[in-house]
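Chemist: Residue numbers (this note's numbering): 23 to 202.
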């Protein structure tokens, strides 16, 4: 506690105060790209369904999938991702719906969602939590900067949004497995 946890507290406080510099034009470019892709996928879904409906309404989506397209519904008529993934080969609309949801989540959580956390200094001042996880790892919140996808092209684009303080600094991202 005395040798590690307490000294780390001051480092984390400094990190929160300094914040992470953001390139808003990069985020805006990603947001516009996502909006275009979401709109295109939505139109494909509507074409396959034969009409417009609220893609975010489980009830309306269930009507399209189970009543109009006659997919096997079982008792619950679920529209959850794990159920839809089981139907992926049955109709092309399924893959499009899953893609739509992924892009919509990235858009709302990151492309649009991160913007509300940018302070007047052009930085995001996330909170670093030292004692929240059961594993003893650090976590961040408001916003959680640890959940940004890394394995996809879109996730790598999103990470370009965060930049070093200036040209004299380098921004690194490391986790326990990388340290080990």
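Each residue gets a CB set at the ideal place from its N, CA and C atoms; glycine is no exception.
Alpha carbons only, please: which of 93, 180 and 32 is nearest the one belonging to residue 137?
Modeler: The sequence position of residue 137 within the chain shown is 115, counting from 1. Closest option to residue 137, Cα to Cα, is 180.
Chemist: Taking the straight line between their C-alpha atoms, what separation do you get for residue 34 and residue 194?
Modeler: By 1-based counting over the chain shown, the position of residue 34 is 12. By 1-based counting over the chain shown, the position of residue 194 is 172. Roughly 15 Å separates the two Cα atoms.
Chemist: Can you give me the C-alpha to C-alpha distance between residue 268 and residue 139, rounded to a whole angstrom?
Modeler: Only positions 23 to 202 of the chain appear in the structure, and residue 268 is not among them; the question remains open.
Chemist: Nearest-angstrom Cα distance between residue 112 and residue 71?
Modeler: On the chain shown, position 90 is the one that residue 112 refers to. On the chain shown, position 49 is the one that residue 71 refers to. For residue 112 and residue 71, the distance between alpha carbons rounds to 14 Å.
Chemist: Go through its chain and collect everything with a Cβ distance to residue 88's Cβ below 7 Å, but skip five positions before and after it.
Modeler: As a working note, residue 88 is residue 66 in the chain shown. Within the same chain, residue 88 has close Cβ partners 95 and 99.
Chemist: Can you tell which of 149, 124 and 131 has its C-alpha closest to the C-alpha of residue 174?
Modeler: What you label residue 174 is simply residue 152 of the chain shown in a count that begins at 1. Ranking 149, 124 and 131 by Cα distance to residue 174 puts 124 first.
Chemist: Pairing CB atoms from the stretch 73-93 with CB atoms from the stretch 44-52, are three or more of them under 8 Å?
Modeler: Too few Cβ pairs lie closer than 8 Å, so no.
Chemist: Could you work out which residue in 178, 30, 61 and 40 is closest to residue 142 when comparing CA atoms only?
Modeler: Translated into the one-based positions of the chain shown, residue 142 becomes position 120. The option with the nearest alpha carbon to residue 142 is 40.
Chemist: Residues bridged to residue 149 by DSSP?
Modeler: Here residue 149 corresponds to residue number 127 of the chain shown, with the count starting at 1. Paired residue(s): 163.
Chemist: Among all the DSSP beta bridges, which residues are the ones paired with residue 42?
Modeler: In the chain shown, the residue the question calls residue 42 occupies position 20. Answer is 146.
Chemist: Only counting the same chain, and skipping five residues up and downstream in sequence, which positions put a Cβ closer than 7 Å to that of residue 187?
Modeler: For the purposes of this step, residue 187 is taken as the residue at position 165 of the chain shown. For residue 187, where only same-chain residues beyond five positions count, the Cβ hits under 7 Å are 43.
Chemist: With DSSP as the reference, label residue 140 as helix, strand or coil.
Modeler: Numbered from its first residue, the chain shown carries residue 140 at position 118. Three-state DSSP puts residue 140 in a strand.
Chemist: Can you tell me whether residue 62 is buried or exposed, with buried defined as 16 or more other CB within 10 angstroms of its CB?
Modeler: Taking the first residue of the chain shown as 1, we reach residue 62 at position 40. Under this definition residue 62 is an exposed residue.
Chemist: Reducing DSSP to helix, strand and coil, say where residue 185 ends up.
Modeler: Taking the chain shown and counting its residues from 1, one reaches residue 185 at position 163. Residue state, collapsed to three classes: strand.
Chemist: Just to confirm, are residue 167 and residue 38 a CB contact at a threshold of 8 Å?
Modeler: By 1-based counting over the chain shown, the position of residue 167 is 145. By 1-based counting over the chain shown, the position of residue 38 is 16. Cβ distance not < 8 Å, so residue 167 and residue 38 don't count as in contact.
Chemist: Given this structure, state the Cα-to-Cα distance separating residue 192 from residue 32, to the nearest angstrom.
Modeler: Within the chain shown, the letter at position 170 stands for residue 192. Within the chain shown, the letter at position 10 stands for residue 32. Cα to Cα, residue 192 sits roughly 21 Å from residue 32.
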